[in-house]
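Written below as C-alpha cells is the structure these notes are about.
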Amino acid sequence: GEDVEQSLFLSVREGDSSVINCTYTDSSSTYLYWYKQEPGAGLQLLTYIFSNMDMKQDQRLTVLLNKKDKHLSLRIADTQTGDSAIYFCALTGGGNKLTFGTGTQLKVEL
Amino acid sequence: DAGVIQSPRHEVTEMGQEVTLRCKPISGHDYLFWYRQTMMRGLELLIYFNNNVPIDDSGMPEDRFSAKMPNASFSTLKIQPSEPRDSAVYFCASSLGASQDREAFFGQGTRLTVV
Chain D
1 GEDVEQSLFL SVREGDSSVI NCTYTDSSST YLYWYKQEPG AGLQLLTYIF SNMDMKQDQR
61 LTVLLNKKDK HLSLRIADTQ TGDSAIYFCA LTGGGNKLTF GTGTQLKVEL
Chain P
1 DAGVIQSPRH EVTEMGQEVT LRCKPISGHD YLFWYRQTMM RGLELLIYFN NNVPIDDSGM
61 PEDRFSAKMP NASFSTLKIQ PSEPRDSAVY FCASSLGASQ DREAFFGQGT RLTVV
C-alpha cells in the first residue's frame, strides 16, 4: 500500500517560516493535499496541488512538489501562534482512495 | 449544509460491548471514508465507499469491525465485541468525486474509550 511519511514535530518562533515535509511511495497520485487539524477537531483542507505542477502559492502558503524524489513540502511564511496544529499531507490513489501521512505537530513559540 | 455529522461525539463503553458509530455525509457527496486516529498509528483509513458500495476495506483491523452504508445519507461503523485497544478517535469524511479538488470534509469525530 501507499506509504506517506512525515516528521512528527516542528517547533518555530513566531514570525519565522515553517517548512513541513512529506515523502511518499506511490507516484500515481493525481492530487496531493495539505490538511490542518486543530485540537479536538476534524481535519480541514488547507491547500492542494495537481501532480503536474511543481509549485503552488496561496497567500502565506507555498507548496512544492518534487515528483522525481516523491517529496512534497508546505512552507508557511510569517508563522503565527494560530498556525499551531497538526499538519497532514494526503494523496489520492486509485479509485479516489485518500491516504494520509503520519502528521506533523507544529508548535509556534513566542 | 451542516457538514459531516457524526454521533455520538463521545462514547465510553465496557470491553465486550457492541459499539455503533454513525455518520451523515454531506448531501450529494458520493465518497465516504472512515478513519481511526491514535497517537501510536496516526490517521488510518479503515474503509471507504463510493455510491454506497464498499470499495476498499483493507484497513479494517479485524472481523470485529464492520461498516455499512444502507443509503447515500447514512453510514455506520460497528465494533463487536469492543476491546480497550479500539480506543481512538474515529472520523468520518465525505467528498465529491467530480469536484475539481476532491476535497474531503471531515466530521468532528467520535472519541471512543473502551474500559
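Chains as they are written, first to last, in the numbering used here: chain D, 1 to 110; chain P, 1 to 115.
Idealized CB from N, CA, C, for every residue including glycine.
Nearest to P:R36 by CA position, among D:V19, D:H71 and D:G42, is which residue? By 1-based counting over the second sequence, the position of residue 36 of chain P is 36. Answer by Cα proximity: D:G42.
Starting from the Cα of P:S87, find the closest Cα among P:V4, P:N51 and P:V115 and give me that residue. Indexing the second sequence from 1 puts residue 87 of chain P at position 87. Comparing Cα-Cα distances from P:S87 to each of P:V4, P:N51 and P:V115, the minimum goes to P:V115.
Please decide whether P:N80 counts as near chain D, where near means a Cβ-Cβ distance under 9 angstroms. On the second sequence, position 80 is the one that residue 80 of chain P refers to. Residue identity differs from the one stated: residue 80 of chain P is Gln in this sequence, not Asn. No, because no Cβ of chain D sits closer than 9 angstroms to the Cβ of P:Q80.
Please classify D:F9: is it buried, with 16 or more other beta-carbons within 10 angstroms of its beta-carbon, or exposed? Reading the first sequence from its first residue, position 9 is the one you call residue 9 of chain D. Exposed, by the Cβ-count rule.
Against chain P, does D:Y87 count as a neighbour if the rule is that its beta carbon must be under 9 angstroms from one of theirs? Working through the first sequence from its first residue, we reach residue 87 of chain D at position 87. So no, D:Y87 is outside the interface.
What does D:T23 reach in chain P if we use C-beta pairs closer than 8 angstroms? The sequence position of residue 23 of chain D within the first sequence is 23, counting from 1. Within 8 angstroms Cβ-Cβ: nothing; D:T23 doesn't reach chain P, min ~15 angstroms.
According to DSSP, simplified to helix, strand and coil, what is P:R85? Taking the first residue of the second sequence as 1, we reach residue 85 of chain P at position 85. In this structure, P:R85 counts as helix in the three-state DSSP scheme.
Which residues, in order along the stretch 44–59 of chain D, keep a beta-carbon less than 8 angstroms from a beta-carbon of chain P? Within the stretch 44–59 of chain D, the qualifying residues are Q44, L45 and Y48.
For the stretch 30–47 of chain P, enumerate the residues whose C-beta is nearer than 8 angstroms to any C-beta of chain D, in chain order. Y31, F33, Y35, G42, L43 and L45
Comparing alpha-carbon positions, which option in D:K36, D:F100 and D:A85 lies nearest P:G42? The sequence position of residue 42 of chain P within the second sequence is 42, counting from 1. For the residues D:K36, D:F100 and D:A85, the minimum Cα distance to P:G42 belongs to D:F100.
With three or more C-beta pairs closer than 8 angstroms as the rule, is the stretch 89–98 of chain P touching the stretch 54–71 of chain P? Between the stretch 54–71 of chain P and the stretch 89–98 of chain P, the count of C-beta pairs closer than 8 angstroms stays below three; the two stretches do not touch.
Which one of D:T104, D:C22, D:G15 and D:E2 has the shortest CA to CA distance from D:D69? Indexing the first sequence from 1 puts residue 69 of chain D at position 69. Measuring from the Cα of D:D69, the nearest candidate turns out to be D:C22.
Residue(s) in a DSSP beta bridge with P:S7: Locating residue 7 of chain P in the second sequence gives position 7, where the first residue counts as 1. Paired residue(s): P:R22.
Sort D:K107, D:L91 and D:E109 by Cα distance to D:E5 and report the nearest one. Indexing the first sequence from 1 puts residue 5 of chain D at position 5. Looking at the Cα atoms, D:L91 is the closest of the given residues.
Hey, is P:D57's beta-carbon within less than 9 angstroms of any beta-carbon in chain D? Indexing the second sequence from 1 puts residue 57 of chain P at position 57. For P:D57, the answer is no, since every Cβ of chain D falls outside 9 angstroms of its Cβ.
Any idea if D:L65 is buried or exposed, counting beta-carbon neighbours within 10 angstroms, 16 or more meaning buried? Within the first sequence, the letter at position 65 stands for residue 65 of chain D. Result: buried.
Determine, using beta carbons only, whether D:L106 comes closer than 9 angstroms to chain P. Mapped onto the first sequence, residue 106 of chain D falls at position 106. Judged by the 9 angstroms Cβ criterion, D:L106 is not in contact with chain P.
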